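Structure record follows, encoded as structure tokens.
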Amino acid sequence: MTLVGSAATVVLLRDSLAGPEVLLLERPRHTGSFAGAWVFPGGRVDPEDYAGASANADNDDGAYRPGDEAQELAAARRAGVRETQEETGVAVPPESLVHVSCWIPPREATKRLKTWFFLAPAPKQEIRLNEGELMDYAWLTPAEALRRHREAIMQLVTPTWVTLHSLLQDSTVAGALERASSGQPETFQSRRLAASGGSQVIVWAGDAEYGQDTLAAQATSRHRLTMNGLNWIYERS
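The following block contains the structure:
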């Protein structure tokens with residue numbers, strides 16, 4: 000199935016005595032995308048976001064050109080700011096968003112949205128949920144969110160889980176933002192492997208089993224998430 004559009008996600012971070020905390024939002028349990036899951040603020044990129052990005056485009060006519068990565072990223076940034084305010088009431092300065100990754104679902108997924116992920120420091124504003132779209136919110140350290148997922152207290156989806164896992168290494172918000180700013184944003188184009196022994200496995204570029212030509216990678220190389228029930232293991236070598 001082809002991609003049906005783009006979306007943006009904003010990982011809001013704040014410091015705490017236990018380390019950086021992230022804002023997670025609970026989706027309604029019986030309807031909508033990611034029903035029952037806890038996710039970061041975000042949503043679909045609208046035509047108006049592309050129009051706004053095109054107005055600032057560095058080309059002669061200022062028109063949006065499908066496939067133009069810079070314009071897609073600019074549109075996703077606008078969507079991330081807009082969706083965060085709509086869902087939480089928090090106004091995030093666009094320039095504070097740090098592009099950290101882009102997620103492309105497996106080809107067999109029923110709804111395929113290319114989703115851009117951004118990190119941003121959380122403004123000191125009260126959270127006001129859009130009650131029609133969200134059930135609850137929580138500020139949690141990545142370790143606590145992953146623990147709640149493992150113990151079936153909180154449902155997480157793959158991009159959220161992997162993003163939280165990557166933040167385990169950061170001791171401050173400034174450190175997380177500096178690491179993201181100095182690194183190269185990564186594209187996670189997901190591919191599912193056939194289930195084995197009851198486990199589900201998703202692989203990404205760099206894994207020996209990602210492509211048909213295994214000569215391109217060492218037989219032991221890993222970039223995957225193995226999901227055995229709620230025991231999820233991320234490997235990268």
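Start counting the sequence shown at 0; every next residue gets the next number (numbering that gives the first Met the number 0). By construction, the Cβ of each residue, glycine as well, lies at the ideal position given by its N, Cα and C atoms. Computed from a prediction, not measured in an experiment: that's the story for all the values here.
Q: Measuring alpha carbon to alpha carbon, tell me which of Pro120, Gly4, Thr109 ends up nearest Glu74.
A: Here residue 74 refers to the residue found at position 75 of the sequence shown. One detail in the question is off: residue 74 reads as Ala in this sequence, not Glu. The residue with the shortest Cα to Cα distance from Ala74 is Gly4.
Q | Endpoints, alpha helix (DSSP H) assigned at Leu72 | A | Locating residue 72 in the sequence shown gives position 73, counting from the first residue. Looking at the DSSP string, the run of the alpha helix (DSSP H) that includes Leu72 is 68–87.
(Q) Please classify Asp169 as buried or exposed, where buried requires at least 16 neighbouring CB atoms within 10 angstroms. (A) Here residue 169 corresponds to residue number 170 of the sequence shown, with the count starting at 1. Buried: at least 16 other Cβ atoms inside 10 Å.
**Q.** Backbone secondary structure at Trp115 - three-state DSSP
**A.** Position 116 of the sequence shown, counted from the start, is the residue given in the question as residue 115. Trp115 falls in the strand class under three-state DSSP.
Q | Euclidean distance between Cα positions of Met226 and Gly42 | A | By one-based count along the sequence shown, residue 226 stands at place 227. By one-based count along the sequence shown, residue 42 stands at place 43. Each residue's alpha carbon lies about 26 Å from the other.
Q | Residue nearest to Thr114 in terms of C-alpha spacing, selected from Glu125, Ile201, Pro184 | A | Residue numbering aside, residue 114 sits at position 115 when the sequence shown is read from its first letter. Looking at the Cα atoms, Pro184 is the closest of the given residues.
Q: Could you have a look at Thr162 and say whether DSSP puts it in helix, strand or coil?
A: Taking the first residue of the sequence shown as position 1, residue 162 is located at position 163. If DSSP states are grouped into helix, strand and coil, Thr162 belongs with the helices.
Q.
For Val38 and Val80, I'd like the C-alpha separation in whole angstroms.
A. Position 39 of the sequence shown holds residue 38. Position 81 of the sequence shown holds residue 80. Taking the straight line joining both Cα atoms gives about 16 Å.
Q: Would you decide whether Gln70 is buried or exposed? Buried here means 16 or more other CB atoms lie within 10 Å of its CB.
A: Within the sequence shown, the letter at position 71 stands for residue 70. Buried, since its Cβ has 16 or more Cβ neighbours within 10 Å.
**Q.** Where Val172 falls: helix, strand or coil (DSSP)
**A.** Here residue 172 refers to the residue found at position 173 when the sequence shown is read from its first residue. DSSP places Val172 in helix when its eight states are reduced to three.
(Q) Three or more C-beta pairs under 8 Å: does that hold for the region 11–26 against the region 96–112? (A) no
Q | Proximity to His222 [Cα-Cα], best of Ala17, Asn230, Arg235 | A | As a first step, residue 222 must be located in the sequence shown, where it is residue number 223. Among Ala17, Asn230, Arg235, the Cα nearest to that of His222 is on Arg235.
**Q.** Leu145: first and last residue of the uninterrupted alpha helix (DSSP H) it sits in
**A.** Translated into the one-based positions of the sequence shown, residue 145 becomes position 146. Here the alpha helix (DSSP H) through Leu145 covers 141–149.
Q.
Using 8 Å for Cβ pairs, my map puts Phe117 next to Arg76. What's the rounded Cβ distance?
A. Taking the sequence shown and counting its residues from 1, one reaches residue 117 at position 118. Taking the sequence shown and counting its residues from 1, one reaches residue 76 at position 77. Right, the Cβ-Cβ distance comes to about 7 Å (below 8 Å), so this counts as a contact.
Q. Are Leu163 and Ala175 closer than 8 Å when you measure CB to CB?
A. As a first step, residue 163 is located in the sequence shown; it is residue number 164 there, counting from the start. As a first step, residue 175 is located in the sequence shown; it is residue number 176 there, counting from the start. No, the Cβ-Cβ distance between Leu163 and Ala175 is not below 8 Å.
Q. Cα separation between Arg28 and Pro93?
A. Along the sequence shown, one-based indexing puts residue 28 at 29. Along the sequence shown, one-based indexing puts residue 93 at 94. The alpha-carbon atoms of Arg28 and Pro93 are separated by roughly 31 Å.
Q. Closest to Gln188 by CA distance: which of Leu166, Glu107, Pro46 is it?
A. Residue numbering aside, residue 188 sits at position 189 when the sequence shown is read from its first letter. Per the Cα distances, Glu107.
Q.
Does Pro46 pass the burial test, meaning 16 or more other C-beta atoms within 10 Å, or should it be called exposed?
A. Position 47 of the sequence shown, counted from the first residue, corresponds to residue 46. It is exposed - the Cβ of Pro46 has fewer than 16 other Cβ atoms within 10 Å.
Q | C-alpha gap between Ile224 and Lys110, whole angstroms | A | In the sequence shown, the residue the question calls residue 224 occupies position 225. In the sequence shown, the residue the question calls residue 110 occupies position 111. First, the residue type needs correcting, since residue 224 is Leu and not Ile in the sequence shown. The straight-line gap from Cα to Cα measures roughly 20 Å.
Q. Helix, strand or coil for Thr213 per DSSP?
A. Along the sequence shown, read from residue 1 onward, the residue named residue 213 stands at position 214. Legend: pLDDT at Thr213 = 48, less than 50; position of this residue unreliable, value from coordinates given subsequently. Reduced to three states, the DSSP call for Thr213 is helix.
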